[in-house]
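There are 2 protein chains.
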Amino acid sequence: MTVTNAQPGTAADDGGKPSNMRSLSRALEVFAELQRADRPQRLSDLARNCGMSLPTTLRILRVLQDFGMVSQTDKTYRIGPAVLPAARSYIENDPLVTASRPVLQQVAAQTGMTASLYTRLGFERILVVRVDGDAPLRYDMPLGKRLPLTVGAAGKILLAGAPDERLQEVVKGAVAAGHEASTFSLAELKARLPEPGTDYAYSADERATGVLSVAMAINRSGLPSESVALTSPVEAATEKGLTAGVPELRRAAARLAELLEGTVY
Amino acid sequence: MTVTNAQPGTAADDGGKPSNMRSLSRALEVFAELQRADRPQRLSDLARNCGMSLPTTLRILRVLQDFGMVSQTDKTYRIGPAVLPAARSYIENDPLVTASRPVLQQVAAQTGMTASLYTRLGFERILVVRVDGDAPLRYDMPLGKRLPLTVGAAGKILLAGAPDERLQEVVKGAVAAGHEASTFSLAELKARLPEPGTDYAYSADERATGVLSVAMAINRSGLPSESVALTSPVEAATEKGLTAGVPELRRAAARLAELLEGTVY
DNA sequence: TAAGACACTTTCATTCTATGAAAGCAATCG
DNA sequence: CGATTGCTTTCATAGAATGAAAGTGTCTTA
């Protein structure tokens, strides 16, 4: 059976794997590192943080630059403009994204709450689609933001039912990404997760204060990678009001699950 | 057999360079090809269109998939969700993008027209920032769309003053990208460009009907790669009204040019 | 149902590419 | 002004990337 290589969360991944396509993997590691830091990076920093030599890092950056994936000002590098057309291509062509929009619109219309779609990416999740409800959310969270799996309904539901081994990895990943304090433990995480038998997760004031959420995973074979959520500011909904939307959410998740059948990543 | 990147089909700009980092370049070529087509691609199509063997293409796709840059459903591949955080990183960290927003806002407020920032990417340009004016543009053109250099004020101004040799390449690139008919000629292009001595370009009904634009390049040493534009629907402005905004646009371009000093790509 | 066609996947020997040490520059600083 | 720091180039070598060919699975067709 093909072992679906869990993507390395950080550069500290020395599992001793055969690691095919070394130069490409390293290039993507550099690319990821550029995003991780929230400001332009020097060559020497990138080389050190990615654990590779200066010349190699430089060569990688030059090729990425040729394709517009990286830009350079003086001696600092950052993500380049070519990612914009790529993001556009994703949003326009990904079947889950395109299919979910009308579904989310319907849910938002029926419940009056904000409906969102999240995808797991490594040890994090990202917001992929959002349809606003009647009560706007005050905080802004545009597309593509990296959010923890360990906090917030839409993250936690992706971990429900996972084996302890995997949860332990998630704990490490969350700490490495800076989402959790270094004291964060498996027990702490498990206490947050929904009880077995529940197919949705609830959160209040978890990731953002004044915000309530319920979320449901989009299930197919194996562990889920996507979730849909209903969100509302605390003054516009109660826990009861939110959970009243769960059946709608469940139906939406089921519909999207069909479309996902066969998606590998 | 030294098969040196021979492909008549793709629009690779490889002008016979030493071609360092072959595997990485090829991976980025696959990634670009996935964007070029506006629907999921089969392995065999990608291999053929990129001019590489099936196993190589497959290996590349697998690594890209590990990093979320590519997704797979059944046997078809497409751009993956990891590009969203990348795009976010670009928009939040690129100094030109962040610096231009307030500048464009000011210009839009002063002129009442929509102000936009474009960046050149290969033989195309992409919309990077847009601030709407009083009269909304009916057509939607979200961020990241690949647009021709040869059509529209914001594209043409990036070509003003370029040597014929480069313009000839642009003609070929525009045809290869499907922006121009195969009969498109250098003379035809030159007829569209602003007259020497003019530092702005004007277009009416060029790229989109019912839309007028003036654009100015952000100049630093060498050929410009970025431009700012004022755009208005035809019923809300005349050519005179638009050109009245040119001084504002000129000032904005000058301010942004300072910030670009040192940017290599 | 079997045979064929088709597309994807794996294997493996060979070649060439990616690699890091070290030297060469170019700034910056004390 | 000489020293330090960080970037860039060169080069010999290891080992990574490569494609032919065989292998596997799936769909089509008779």
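Residue numbers (the numbering used here), protein chains in the order written: chain A, 508 to 772; chain B, 508 to 772. Every residue gets a Cβ at the ideal spot worked out from N, C-alpha and C, and that includes glycine.
By Cβ distance below 6 Å, which residues in the same chain neighbour residue i in space, the five residues on each side in sequence not counted?
i, result
"G587(A)", "G575, M576, V577 and S578"
"V614(A)", "A622, E755 and A759"
"I598(A)", "V604"
"A554(B)", "L561 and T564"
"A513(A)", "Its pLDDT being 34, under 50, A513(A) is placed unreliably in this model, and the coordinates cannot settle the point."
"A764(B)", "I725, N726 and R727"
"L571(B)", "V577"
"G640(B)", "A615, G619, M620 and T621"
What residues are listed by DSSP as bridge partners for residue i?
i, result
"E695(A)", "DSSP output for E695(A) lists no bridge partner at all."
"R585(A)", "S578(A)"
"A736(A)", "S623(A) and A722(A)"
"E708(A)", "The sequence given here places Ala at residue 708(A); Glu does not occur at that position. Answer is A722(A), bridged to A708(A)."
"L700(A)", "For L700(A), which the question treats as bridged, DSSP gives no partner whatsoever."
"V638(A)", "A622(A)"
"P655(B)", "E631(B)"
"R549(B)", "T583(B)"
Using 8 Å as the threshold, is the C-beta distance between residue i and residue j below it?
i, j, result
"P592(B)", "R653(A)", "yes"
"R727(B)", "L767(B)", "yes"
"Y707(B)", "V635(B)", "no"
"A681(B)", "L650(B)", "no"
"M528(A)", "S732(B)", "no"
"R632(A)", "A661(A)", "yes"
"R543(A)", "N600(B)", "no"
"T580(A)", "P602(B)", "yes"
"A594(A)", "A606(B)", "no"
Could you work out which residues of chain B lie near residue i, taking near to mean beta carbons separated by less than 8 Å?
i, result
"Y597(A)", "R585, I586, G587, P588, V590 and L591"
"I725(A)", "Result: empty, since nearest Cβ-Cβ is about 13 Å, beyond 8 Å."
"N600(A)", "D545, R546, P547, R585 and I586"
"T605(A)", "Under the 8 Å cutoff, chain B gives no residues; its nearest Cβ is about 11 Å from T605(A)."
"K697(A)", "Those within 8 Å of K697(A) in chain B number zero; the least Cβ separation is about 26 Å."
Got a sec? Which residues, its chain only, sit under 7 Å from residue i by beta carbon, not counting five neighbours each side?
i, result
"T511(A)", "Residue placement at T511(A) cannot be trusted, given a pLDDT of 31 that sits under 50; what the coordinates show is reported in the next sentence. The answer is none, since no qualifying residue turns up."
"A761(B)", "none"
"L644(B)", "T621, V718, T738 and P740"
"A589(A)", "F574, G575 and M576"
"F691(A)", "V678, A681 and V682"
"V610(A)", "A759, R762 and L763"
"E676(B)", "none"
"L628(A)", "none"
Starting from the C-beta of residue i, find all residues in its chain whose C-beta is less than 8 Å away, skip the five residues before and the five after it, and write them out in chain order.
i, result
"L550(A)", "L561, T564, L565, L568, K582 and Y584"
"A744(B)", "M620, A642 and L719"
"Q612(B)", "A622 and V638"
"K663(A)", "L656, T657, R699, L700, P701, A708, S710 and A722"
"A751(B)", "T618"
"L749(A)", "M620, Y709, L719, S720, V721, L737 and S739"
"L730(A)", "L665, G668, A669 and R673"
"G704(B)", "none"
"R608(A)", "V636 and V638"
"T509(A)", "Any reading at T509(A) needs caution, since the residue's pLDDT is 27, under 50, leaving its predicted position unreliable; the model's value is listed next. Nothing listed; no residue qualifies."
Residue i: beta carbon under 7 Å from a heavy atom of the ligand MG?
i, result
"T657(B)", "This structure lacks the ligand MG, and indeed carries no ligand of any kind."
Who are the neighbours of residue i on chain A, taking C-beta pairs under 9 Å?
i, result
"G659(B)", "Per Cβ cutoff of 9 Å: no residues; G659(B) is ~17 Å from chain A at best."
"P649(B)", "R595 and I598"
"L553(B)", "What L553(B) touches in chain A: nothing, since even the nearest Cβ is about 14 Å away."
Which residues in chain A have a C-beta closer than 7 Å to the C-beta of residue i? List them in chain order.
i, result
"Q542(B)", "P592, A593 and S596"
"T564(B)", "Simply none; closest approach about 12 Å."
"I480(B)", "This structure cannot settle anything about residue 480(B), because the visible part of chain B is limited to 508 through 772."
What does residue i reach in chain B if we use C-beta pairs closer than 7 Å?
i, result
"S532(A)", "V570"
"L624(A)", "The premise fails here: L624(A) is roughly 10 Å from chain B at the closest Cβ pair, so nothing lies under 7 Å."
Identify the contact partners of residue i in chain B, using a Cβ-Cβ distance below 9 Å as the criterion.
i, result
"N527(A)", "R566, R569 and V570"
"S728(A)", "Here the premise fails: no neighbours, minimum Cβ distance about 13 Å."
Listing by chain order, which chain A residues have their CB less than 8 Å from the CB of residue i?
i, result
"K652(B)", "P592 and R595"
Inset, instruction - For the region 613-621 of chain A and the region 733-742 of chain A, state whether three or more C-beta atom pairs, one from each stretch, are separated by less than 8 Å. - result: yes
Legend entry - the region 553-572 of chain A contacting the region 525-540 of chain A, beta-carbon criterion three pairs below 8 Å: yes
Inset, instruction - Taking 8 Å as the threshold, find out whether the region 672-688 of chain B comes into contact with the region 708-725 of chain B through three or more Cβ pairs. - result: no
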